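Residue numbers (my numbering), protein chains in the order written: chain A, 6 to 353; chain B, 304 to 611; chain C, -6 to 498. Quick notes on the structure that follows.
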Amino acid sequence: MMGRLFEPIVIPFAALLVALLLFGIFITAAGADALGVFESMYRGAFGTWFSWQNTLVRAAPLMLTALCTALPARIGLIIIGGEGAVVVGGMTAALTGIVLTHASPIIVLTAMAFMGMTTGGLWIAAISALRHYRGVNETISSLLLNYIAIAIMNFLVFGPLRDPETLNKPSTYHIGEANMLTEMGSTSIHWGFGLGVIACVALWVLMRHTPFGFAVDITGGNMRAAKLSGLPVARLMIITSLLAGAAAGLAGMIEVAAVHGRANSSLNANYGYEGILVAFIARHNPLAIIPVAILFGGIRASSGLLQRDHDLPDASSLVLQGIIFIVILASETLYGRFSWLRAKEKTV
Amino acid sequence: MNETEFSLLNILIAVIGGAIRVGTPFLFVSLGECLTERSGRINLGLEGTLMMGAMTGYGASYLSGSPWLGVMAAGMTGVILGGVHALLCQQQKVNDIAVGIALMLLGTGLAFFLGKPLIQPTAAHLPALHLGSWSDSPVIQAALDINVLFVMGALLAPAMAWFFRYSRWGLYVRTVGESADAARAMGLNVNRVRMYSTMAGGFLAGVGGSFLSLYYPGGWSEGLSSGQGLMAVALVIFARWNPVYCLYASLLFGAAATLGPTLQSIGMTWGYYLFHAAPYVLTLIIMITTSSSTRLLSGMPGQLSNVK
Amino acid sequence: MTIPDKYALEALHINKRFGALIALNDVSLHLEKSTFHALLGENGAGKSTLVKCIMGYYAPDSGELMIEGKQHDISNPRHAHQLGLGMVYQHFTLIPNMTVMENLVLSRPHLPIKIDWRAERKSLQERIAQLPFQFQLDIPVSRMAAGEKQKLEITKQLLLNSKILILDEPTSVLTPVEADEVLGKLHALTQEGALSVLIITHKFREVMTFADEVTVLRKGNCVGTATVKNVDTQQLAKMMVGTEFVKKTLHRQPSLAQEARLEIHNLKVNDDTQAQAVNNLSLTVHSGEIVGIAGVSGNGQRELVEALSGQRCTSGGEIRAHKQPYQGRREDMRKSHFYCLPEEPLRNACVPAMSIAENMVFRNFDHLPFTRYRWLLDRRAMLHHARELISQYKIRTPGPHVPIATLSGGNVQRAVLARELENEVDILVVANPCFGLDFSAVAEIHDKIMQVRNRGGAVLLVSEDLDEILELSDRLMVMSGGKLVYETIPAQADLATIGRYMAGQ
């Protein structure tokens, strides 16, 4: 038992430590005080209840966008289109909110979530359909679709849907204060976090404990074996991508309904790209995504403090993420090399 | 009537000039990716290399006063990033697509971080050849200012084709890309050949990046590249891994990307932001029409079929 | 004056371990100059390991290599080439997307920086004219038939002036006629004194017809070396297997019912390049019979099996099971009891990283007893089920939870067989089931296939091993160029005729 759990827990932790060390060397070279930076990061992310709330709010979209990469990865597709799905999901959710603005909030929110998830889902499902029926490389097409989504959004917020009152940051009209997603209890954490956790748990059950998830794992593990077993490979791929895209679309909806109230360029705030990283660190396990997303929410939440206290550019969190990603990928090669542990396990 | 004809000609020349200007980074990145992929590996990290190249090129030019030193510095940055990619990918169980994504994020982040002080200052730009001096029209003159780097890239494309066909090293690269087993049986060091190819590919992508900051659009900013590095990967597929086709394809992509600004310049403003999407849509359409789910692509290096 | 050494190559007291496995235990081999020497042994006896040690792929743990009487430590294949050793591998090492000329030039050890293709062509044409096999220089290798490729591999080594040629099972991709041609020409070259040949094989016929001497390996040990003139097949078999080799005859029940189970009408299937690999093929397999399809690899057999197993789309024609159209969906498979044992089971039928238990439920995981409350998986039932099959099929494994990729080839094959034969089987498609397995595993698997037939199943056996087909099938067909070109029954089969049809004449 210990041997089987050893690798998936110890290796990522060790990799994280190595990454932090490398980042420390990097910022020391850039003239900052590394220990002070780590201290500020901890303070900004997990130091106080206030910073915890900040962190959890930022973790909410990360969990959902991580699902957008993790689910397709289980079936063998490397999709990095979460950013685009967030944008289109947020966009249609905002549109729905604007159109229905006078209906009762619960209806507005439900309709917004439904529309955001549907468009996000179709957006990603199209990628895997292109892959399956036309052989189009899904990694490249998903990235192209990110840019296309942003172009469409810019066209709409600078053009037909622009609220003339928004000057600095052109945006759509507001969905109405009454229709905003509320906070959980007395905290300042909005319900998006709750939705993110529910989505991760539900999809974990689906992937790990149902025949559907088993079929997905067979297909992702070996397409030829899946076909030999008569599994409906195309359907599995498209449903999985639909769920993945729906998660990212929901993230867009939450950003609109809980944070901004409108759709604008804040939707492409890199949540999609960070989600890729979260998914890889969690090794595409929906349950592991929750803690990893919280960790990365913390990095995001503390980035303001780093700029203020240490005069580091906001790109420093990008650098840290990049380093973590590289080290985590490099650590993949270590899996299965600790056979001595297994051997010992047997003799005990 | 004469006037409209004249302006159509102007648009055409502007698009050609724009295709060359915008297409040059595509050309360098796609040639770099072409070389890497012919050795049997995909490097999606060239987007990050492009940004790093743009940043270091600009910084080196600013510090030294020589844009050509900037180009060299950009290339060397690319070599380092390519080396990191190759080093990671040759480890067991490490997926080269994922490493590419990681390097794309890291390269972009590093470029933003280190490039912060470079947003204000002005660095020496690369010189241009004024091929339009025969005309008195400023539009034509501006359009036909061809950069020296483009000329180099345009010469490099057939040179690379020659390299693959006639040189020992070119044959080795192709062998490793077609069949690693055969290469090993021949006694070639597969990892080393791939390492050099990825590093050389990184050099070219870095140079492409320096063009962005040292010529067009010029200057250093965080919005300098928007996916050119990745589109170049798609472009290599479209060009069937042939360097000369990479040249044509880059010009085509450049023309698509220049469409929006050109139309705006003649007063067509509606849908300006939609035209931003033109090169991406074009790439996607090209990928859809040229790929196939049942057939292996002709010209595809054998070792890539397991990655596809 | 020194006396020229008697031996071209000697491997003395070679030992090689892989972890706990002793692959070679004090093995010695003497290849006399200008002779044709066979290295005989079962799969897994250590033949390939031995030649890989000779060629510098592996470093032996101890032992010496002598070439022309001088001791050498061969560190890599390139070094071996410099010493005049050439090897033809079981898997082709030609580059499919390059032309014959590019392949031949590329294999030269010292290429100039710039290649002068015109001069290369001239010198190649001149040199190939002196060698036994002729080629067109400008066609890509991917368009050549397997036999041609094998000849090109040999020519490549001869052009390198190899004095010692090692061939790893060179005839497995050749028709009997081609095999005789290739080995005959190589034998002639050894008699001219130009070459010494070491050939790995498990076919007695080739040893008896062509070899001068034979060395036999068994389980990593050298059993002995003999002059072929002084031994017979029985003795060789005994050396190879250890005991007097008694072949257990398969129990074949007289077939009774003749009801059409699997019908294929005008089937067309394309390969990866969109070329038609299966060409209007029609075939019927009845209950209680084994239909064997023989042929040289690359004649559409793989595509046919993939189409039947659902791994490849058809481009025309129809497959019917139990007289109903068969689409290869999961429901169709269950309903018509249609199962498949593809070649290379780890690549085609397993998820290597998943556990044995998981791999064993691919057919049934969505039904009782592996589901709970209709839509949840019961992983404990999977483990229990796997334990039963493991003991029933005698699969050697540390337990049901280890990844299936860690098992040996024979055990993977048994595990897949256990899974595919677990349910009632009416139709079974089998492809090269015994490739790379040792005698006892082969016998077991043949027995299981025969049992399916005896219980009234319809079996389609596609194999490159003609002996296997002759032994198992009730009817035998030859596939060539994507078509079935010849049909006979094993009792009346004439090897020469079959060989002619396999070669496409």
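Ideal Cβ positions, reconstructed from N, Cα and C, are used throughout, including at glycine. Just so you know, these numbers come straight off a predicted model, no measurement behind them.
task = Step through the CB atoms of chain A and report whether any lies within less than 8 Å of the CB of GLY303(C).
result = In the third sequence, the residue the question calls residue 303(C) occupies position 310. For GLY303(C), the answer is yes, since a Cβ of chain A falls inside 8 Å of its Cβ.
query = Name the DSSP beta bridge partners of ASN450(B), please?
reply = Here residue 450(B) refers to the residue found at position 147 of the second sequence. Partner(s): ALA431(B).
query = Going by beta carbon distance, what residues of the same chain come within less than 6 Å of TYR479(C), once the five residues before and after it are set aside?
reply = The sequence position of residue 479(C) within the third sequence is 486, counting from 1. Closer than 6 Å at the Cβ level, and outside the excluded window around TYR479(C), lie VAL471 and TYR494.
task = Whole angstroms is fine: what's the gap from THR127(C)'s alpha carbon to ARG412(C)'s?
result = Here residue 127(C) is taken as the residue at index 134 of the third sequence, counted from 1. Here residue 412(C) is taken as the residue at index 419 of the third sequence, counted from 1. A quick correction: the sequence has Gln, not Thr, at residue 127(C). Cα-Cα distance, rounded: 48 Å.
task = Might you give, ordered along the chain, the residues of its own chain that have their beta carbon closer than 7 Å to the beta carbon of GLU252(C), omitting 5 neighbours on each side?
result = Position 259 of the third sequence, counted from the first residue, corresponds to residue 252(C). Excluding positions up to five away in sequence, the list reads HIS279 and SER280.
query = Among the residues of its own chain, which have a CB less than 6 Å from the CB of PRO426(C), if the five just before and after it don't count?
reply = Numbered from 1 along the third sequence, position 433 holds the residue referred to as residue 426(C). Counting only Cβ-Cβ distances below 6 Å, and skipping sequence neighbours, we find LEU334 and ILE438.
ask   = What are the start and end residues of each continuous alpha helix (DSSP H) run of 4 or more residues lying completely inside the segment 48 to 82 of chain A, in chain order?
value = Those alpha helix (DSSP H) runs which fall completely within the segment 48 to 82 of chain A and span 4+ residues are 54 to 79.
key: Straight-line Cα distance separating TYR551(B) from VAL454(B)   = On the second sequence, residue 454(B) is found 151 positions in, with the first residue counted as 1. On the second sequence, residue 551(B) is found 248 positions in, with the first residue counted as 1. A direct Cα-to-Cα measurement between VAL454(B) and TYR551(B) gives close to 13 Å.
task = Identify which residue in THR364(C), GLN320(C), GLU415(C) and GLY293(C) has its Cα closest to the Cα of VAL385(C).
result = Sequence index remark: in the third sequence, residue 385(C) carries index 392 (1-based). In the sequence on display, residue 385(C) carries Gln and not Val. When only C-alpha atoms are compared, the closest one is GLU415(C).
query = Are the segment 331 to 351 of chain C and the segment 190 to 202 of chain A touching by the rule of at least three beta carbon pairs closer than 8 Å?
reply = Too few Cβ pairs lie closer than 8 Å, so no.
ask   = On the premise that GLY378(B) lies in contact with VAL496(B), defined as a C-beta separation below 8 Å, what is that separation, rounded to the nearest angstrom?
value = Residue numbering aside, residue 496(B) sits at position 193 when the second sequence is read from its first letter. Residue numbering aside, residue 378(B) sits at position 75 when the second sequence is read from its first letter. Your pair VAL496(B) and GLY378(B) does not check out as a contact, with CB atoms roughly 20 Å apart and the cut at 8 Å.
query = If you drop the 5 nearest sequence neighbours on each side, which residues of the same chain put their C-beta closer than 8 Å to that of VAL224(C)?
reply = For the purposes of this step, residue 224(C) is taken as residue 231 along the third sequence, with counting starting at 1. Excluding sequence neighbours, VAL224(C) sits near VAL207.
query = What residues in its chain sit with their C-beta under 7 Å from that of ALA298(A), if we drop five residues either side in the sequence?
reply = Here residue 298(A) is taken as the residue at index 293 of the first sequence, counted from 1. Around ALA298(A): ALA64, LEU67, MET68, ALA71 and VAL283.
key: Candidates ILE569(B), VAL536(B) and ALA357(B): closest to PHE556(B) by CA position   = For the purposes of this step, residue 556(B) is taken as the residue at position 253 of the second sequence. Of ILE569(B), VAL536(B) and ALA357(B), the smallest CA-CA separation from PHE556(B) is found for VAL536(B).
message = Would SER234(A) pass as an interface residue toward chain C - the criterion being a Cβ-Cβ separation below 8 Å?
response = Residue 234(A) sits at position 229 when you count from the first residue of the first sequence. Judged by the 8 Å Cβ criterion, SER234(A) is in contact with chain C.
inquiry  = Taking a contact to mean a Cβ-Cβ separation below 8 Å, would you say PHE31(A) touches VAL324(A) in this structure?
reply    = As a position in the first sequence, residue 31(A) is number 26, starting the count at 1. As a position in the first sequence, residue 324(A) is number 319, starting the count at 1. Yes, these two residues count as a Cβ contact at 8 Å.
ask   = CA-CA distance, SER246(A) and THR338(A)?
value = Looking up residue 246(A) in the first sequence gives position 241. Looking up residue 338(A) in the first sequence gives position 333. Pairing SER246(A) with THR338(A), the inter-Cα distance amounts to about 28 Å.
request  = Please report the residue range of the alpha helix (DSSP H) in which HIS214(A) lies.
outcome  = If you number the first sequence from 1, residue 214(A) lands on position 209. According to the DSSP assignment, HIS214(A) belongs to the alpha helix (DSSP H) that extends over 196 to 214.
ask   = From THR194(C) to VAL216(C), what distance separates their C-alpha atoms?
value = By one-based count along the third sequence, residue 194(C) stands at place 201. By one-based count along the third sequence, residue 216(C) stands at place 223. Looking at the two C-alpha atoms, the distance is approximately 15 Å.
ask   = In chain order, what residues of the same chain have a beta carbon less than 8 Å from the beta carbon of VAL234(C), not counting five sequence neighbours either side?
value = Mapped onto the third sequence, residue 234(C) falls at position 241. Only GLU35, ARG211 and PHE432 meet the Cβ criterion.
request  = Measure from the alpha carbon of VAL422(C) to the alpha carbon of each residue in ILE283(C), VAL200(C) and LEU152(C), then state which is nearest.
outcome  = Translated into positions along the third sequence, residue 422(C) becomes position 429. Nearest of ILE283(C), VAL200(C) and LEU152(C) to VAL422(C), Cα basis: ILE283(C).
ask   = Residues of chain B with CB under 7 Å from MET338(A), in chain order?
value = Looking up residue 338(A) in the first sequence gives position 333. The sequence given here has Thr at residue 338(A), not Met. From the beta-carbon of THR338(A), the residues of chain B found nearer than 7 Å are GLN394, GLN395, LYS396 and VAL397.
key: Members of the segment 365 to 379 of chain C that neighbour chain A once the beta carbon cut-off is set at 8 Å   = The residues in question are TRP368, LEU369 and LEU370.
query = By Cβ distance, which residues of its chain are closer than 7 Å to PRO5(A), with the 5 residues on each side in sequence left out?
reply = Any question about residue 5(A) goes unanswered here, given that chain A covers just 6 to 353.
task = Taking only the alpha-carbon atoms, compute the straight-line gap between LEU78(C) and VAL44(C) and give it to the nearest angstrom.
result = Numbered from its first residue, the third sequence carries residue 78(C) at position 85. Numbered from its first residue, the third sequence carries residue 44(C) at position 51. Straight-line Cα distance between these residues: approximately 11 Å.
ask   = Which chain B residues are close to TYR82(C), counting only those with a beta carbon under 7 Å from its beta carbon?
value = Indexing the third sequence from 1 puts residue 82(C) at position 89. Neighbours of TYR82(C) across chain B, judged by C-beta separation under 7 Å: ALA488.
task = Give the DSSP bridge partners of GLY34(C), in chain order.
result = Position 41 of the third sequence, counted from the start, is the residue given in the question as residue 34(C). GLY34(C) is bridged by DSSP to LEU210(C).
request  = Could you list which residues in chain C have their beta carbon closer than 8 Å to that of ARG471(B), in chain order?
outcome  = Counting from one through the second sequence, the residue named residue 471(B) turns up at place 168. Here the neighbours are LEU104, PRO105, ILE106, LYS107 and ILE108.
key: Closest Cα partner of ALA460(B) within the set SER568(B), MET354(B) and TYR548(B)   = On the second sequence, residue 460(B) is found 157 positions in, with the first residue counted as 1. Of SER568(B), MET354(B) and TYR548(B), the residue nearest in Cα terms is TYR548(B).
query = Applying a beta-carbon distance threshold of less than 8 Å, which residues of chain B neighbour GLN251(C)?
reply = On the third sequence, position 258 is the one that residue 251(C) refers to. Chain B residues near GLN251(C): none, gap ~37 Å exceeds 8 Å.
key: Local conformation of SER553(B) per DSSP, three classes   = Position 250 of the second sequence, counted from the first residue, corresponds to residue 553(B). If DSSP states are grouped into helix, strand and coil, SER553(B) belongs with the helices.
request  = Give every residue of the same chain whose Cβ lies closer than 8 Å to the Cβ of TYR361(B), excluding the five residues on either side of it in the sequence, and list them in chain order.
outcome  = By one-based count along the second sequence, residue 361(B) stands at place 58. If we look at TYR361(B) and ignore the five residues flanking it on each side, its Cβ neighbours are GLY373, GLY418, LEU421, ALA426, SER513, SER516, LEU517, GLY522 and TRP523.
request  = List the residues of chain C whose Cβ lies closer than 9 Å to the Cβ of THR171(A), in chain order.
outcome  = By 1-based counting over the first sequence, the position of residue 171(A) is 166. The contacting residues do not exist; THR171(A) stays about 47 Å from chain C at best.
query = For VAL221(C), which option in HIS360(C), ILE157(C), THR202(C) and GLN123(C) has the closest C-alpha, if you only look at C-alpha atoms?
reply = The count along the third sequence starts at 1 and reaches residue 221(C) at position 228. For VAL221(C), the closest of HIS360(C), ILE157(C), THR202(C) and GLN123(C) by C-alpha to C-alpha distance is THR202(C).
query = By the criterion of Cβ-Cβ separation under 7 Å, what are the contact partners of PHE1(A) in chain C?
reply = Outside the displayed range of chain A (6 to 353) lies residue 1(A), so it cannot be described from this structure.
message = Can you pull out the residues from the segment 339 to 360 of chain B whose beta carbon lies closer than 7 Å to at least one beta carbon of chain A?
response = Listed in sequence order: LEU347.
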